[in-house]
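Chains A and G supply the protein sequences, listed in that same order.
Sequential numbering of the first sequence, starting at -6, is according to my numbering.
Sequential numbering of the second sequence, starting at -6, is according to my numbering.
Cβ coordinates follow ideal geometry from the N, Cα and C atoms, glycine included.
Because the structure is a prediction, the values reported are computed rather than measured.
The structure under discussion appears below in the form of structure tokens.
Protein chains: 2
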Amino acid sequence: MHSFDAAIALTATKVDHFRGATTPAYANMVGPFGGTTGATLLQAALLHPARLGQPIALTVNFASALNTGEFEIEARAVRTNRSTQHWVIELVQAGEVAATATAVFAQRRETWSAPEAVAPVNLPPPEALPRADHRGRPAWVQRYDMRFVEGGMPDAFDGQEQPHSRSCLWVRDEPPRPLDFASLAAICDSFFPRIFMRRRKVAPIGTVSLTTYVHADAAMLAEQGEQPVLGVARALNFRNGYFDQSAKIWGSGGQLLASTHQIVYFRE
Amino acid sequence: MHSFDAAIALTATKVDHFRGATTPAYANMVGPFGGTTGATLLQAALLHPARLGQPIALTVNFASALNTGEFEIEARAVRTNRSTQHWVIELVQAGEVAATATAVFAQRRETWSAPEAVAPVNLPPPEALPRADHRGRPAWVQRYDMRFVEGGMPDAFDGQEQPHSRSCLWVRDEPPRPLDFASLAAICDSFFPRIFMRRRKVAPIGTVSLTTYVHADAAMLAEQGEQPVLGVARALNFRNGYFDQSAKIWGSGGQLLASTHQIVYFRE
Chain A
-6 MHSFDAAIAL
4 TATKVDHFRG
14 ATTPAYANMV
24 GPFGGTTGAT
34 LLQAALLHPA
44 RLGQPIALTV
54 NFASALNTGE
64 FEIEARAVRT
74 NRSTQHWVIE
84 LVQAGEVAAT
94 ATAVFAQRRE
104 TWSAPEAVAP
114 VNLPPPEALP
124 RADHRGRPAW
134 VQRYDMRFVE
144 GGMPDAFDGQ
154 EQPHSRSCLW
164 VRDEPPRPLD
174 FASLAAICDS
184 FFPRIFMRRR
194 KVAPIGTVSL
204 TTYVHADAAM
214 LAEQGEQPVL
224 GVARALNFRN
234 GYFDQSAKIW
244 GSGGQLLAST
254 HQIVYFRE
Chain G
-6 MHSFDAAIAL
4 TATKVDHFRG
14 ATTPAYANMV
24 GPFGGTTGAT
34 LLQAALLHPA
44 RLGQPIALTV
54 NFASALNTGE
64 FEIEARAVRT
74 NRSTQHWVIE
84 LVQAGEVAAT
94 ATAVFAQRRE
104 TWSAPEAVAP
114 VNLPPPEALP
124 RADHRGRPAW
134 VQRYDMRFVE
144 GGMPDAFDGQ
154 EQPHSRSCLW
164 VRDEPPRPLD
174 FASLAAICDS
184 FFPRIFMRRR
194 KVAPIGTVSL
204 TTYVHADAAM
214 LAEQGEQPVL
224 GVARALNFRN
234 GYFDQSAKIW
244 GSGGQLLAST
254 HQIVYFRE
């Protein structure tokens, strides 16, 4: 079993309820990697017998750092329409809500379609770039193969403020794993904190809320398979304890797989 | 009383519960304007006696069109930390969930701050532009003074596909009303559907999920007062029944007040 599947594994306990546990393979500085937490909340809806269609929107709110160990998830389909379904999901640990999520699932029909944003072009392919050094990083970083075109983790945290926080990288699960909705959701949270790039200074940070829109359907994800996706991330604003991040995840054919946004707490 | 305040007015009924009603002043094609619905869900947390700090993140999921008339809102503070508070909010009409929301509130501290995105420059001021024609539009459109720099509602829906869906406009409540968190949340949903711009073709649409990050605090909103804000919106992708929208709301001094994202259902 791939370590990602182990990380998001859930056991149904009663109607609408699942049990899971953190895994050391995806440990972060404090608690588990938020990407796996978000993916696990989505997974509860994906596994739910009442689930309709495929995810198109996911918002995860990180209410506190998870503790190492077990947690319970309640996933309720609060409204099921003909082609959409709305979920409210809560993760509880030791009687306290540690994360909440809402998700929208949909049955897509074929319609007129057109991209508007376009993927960056003329980039070096992943195999032409070195894998980013993950020595001394938290365990979860080692679960990804990241190859930076631009905006990798700074070589030195020298406090030299940079003009922007843009990153562009090829990323895939390590070892390779076929992309699916859960792993795409986790990859959406795999960008290093924009403030580290911008300030070249490490600070305590924590994602507070993360929203992902899934533009891809299952067939597009299957086509992507184990190939690296292209992630492009930037911040819009850093202000009084919070900054945001906007990112796009592109497939290897230049198709938009997901767009994702988060707001992040930081301490000076 | 300003019509916006009437639209978002709530009466506390019991712990965590509020009652409100739709108002004809903000009617949309089907049901009320989503911006007032989202603002009303936020208002429940703003009015709640347990509320801590100011909103920094709001996600609203529109599970169905609201019917004309009363609704009930349940707003639960599921986790209160030292400086953040997490809310889960549900709007129920006739026993069915019609909308859900999550919100994060925070007590901000003064820290290092820096913008990264910058507001468009050299734009004509609002008073140099005509107010957009709102004849034949739903009632809610008349509750806003919109002055388009670029990307207004097409003069003709001639089906000529455009290369992009970008809009840039000055917008304020009509009549003027001092900006606050609720009205800012509503303005974040006041952009016309991107697909109307892109295709110059009207289609049934409905916002499915809307996320807003509030970069401004109450002092910044007070400084903005009744002046028009600058809204800039675009889409990234239109695909098989859903498109997204990303927008920024700038204050009249070029400061980022909010960034907002939504995913929208469309039918051909």
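In the three-state DSSP reduction, A:ASP(-2) falls in the helix class (H, G or I). Proximity of G:TRP163 to chain A, defined by a Cβ-Cβ separation below 8 Å, is not satisfied. Taking each of G:ALA196, G:VAL164, G:ASP237 in turn and checking the Cα distance to G:PHE141, the smallest one comes out for G:VAL164.
Taking the Cα of G:ALA251 as reference, the smallest distance to any Cα among G:TYR206, G:LEU162, G:TRP80, G:MET213 is reached at G:TYR206. A:VAL195 carries a coil assignment under DSSP once its states are collapsed to helix, strand and coil. For the set A:LEU39, A:GLU63, A:ILE188, A:ALA87, the Cα lying nearest the Cα of A:TRP80 is the one of A:LEU39.
With 16 or more other CB atoms across the displayed protein chains lying within 10 angstroms of its CB, A:LYS241 is buried. Across the set G:PHE184, G:ARG72, G:ALA175, the C-alpha of G:PHE184 shows the shortest separation from the C-alpha of G:ALA125. A:LEU84 is bridged by DSSP to A:ILE66, A:ALA92. Using a Cβ-Cβ cut-off of 8 Å, A:GLU143 does not count as an interface residue toward chain G, since no Cβ of chain G sits closer than that to its own. Two segments are said to touch when three or more pairs of C-beta atoms, one from each, lie closer than 8 Å; by this definition the stretch 145 to 163 of chain G touches the stretch 183 to 203 of chain G. Ranked by Cα distance from G:GLU83, the options G:PRO169, G:ILE49, G:LEU34 are led by G:LEU34. By the Cβ test, the stretch 223 to 243 of chain A is in contact with the stretch 96 to 105 of chain G, since at least three Cβ pairs between them sit closer than 8 Å. At a C-beta separation below 9 Å, G:LEU229 has these neighbours in chain A: PRO108, GLU109, ALA110, TYR206, HIS208, LYS241, LEU249, SER252. Here the alpha carbons of G:GLY244 and A:ARG227 stand approximately 21 Å from one another. Just measuring C-alpha positions, the residue of G:ALA50, G:PHE64, G:THR253 sitting nearest G:CYS181 is G:THR253. The Cβ-Cβ distance between A:TYR19 and A:ALA2 does not fall below 8 Å. Within its own chain, the residues whose Cβ lies closer than 6 Å to the Cβ of A:GLY247, once the five positions on either side in sequence are excluded, are ALA112, listed in chain order. Ranked by Cα distance from G:THR16, the first of G:THR29, G:GLY218, G:PHE174, G:ALA92 is G:THR29. Going by beta carbons, G:ALA92 and G:ALA56 fall inside the 8 Å limit. Among the residues of the stretch 19 to 34 of chain A, none has a Cβ less than 7 Å away from any Cβ of chain G. Contact between G:VAL23 and G:ALA58 holds: CB atoms are separated by about 5 Å, below the 8 Å threshold. A:TRP133: member of the alpha helix (DSSP H) spanning 132 to 135, first to last residue. Judged by DSSP in its simplified three-state form, A:GLN220 adopts coil rather than helix or strand. Cα atoms of A:ALA175 and A:VAL85: separation of roughly 20 Å, rounded to the nearest angstrom. Between the alpha carbons of A:SER76 and A:THR52 lies a distance of about 20 Å. Taking C-beta separations shorter than 7 Å and ignoring five residues to either side along the sequence, the partners of A:ALA37 in its chain run LEU3, PHE11, ILE66, ALA68, ILE82, following chain order. Within the model, the alpha-carbon separation for G:PRO123 versus G:ARG170 is close to 20 Å. A:THR73 has its alpha-carbon roughly 10 Å from the corresponding atom of G:VAL90.
DSSP links G:GLY13 through a beta bridge to G:PHE64.
When the five nearest sequence neighbours on each side are left out, the beta carbons in the same chain lying within less than 6 Å of the beta carbon of G:GLN135 are those of HIS127, in order along the chain. In the structure shown, A:SER176 adopts helical secondary structure according to DSSP, grouped into three states. Beta-bridge partners of A:PHE55 (DSSP): A:ALA92.
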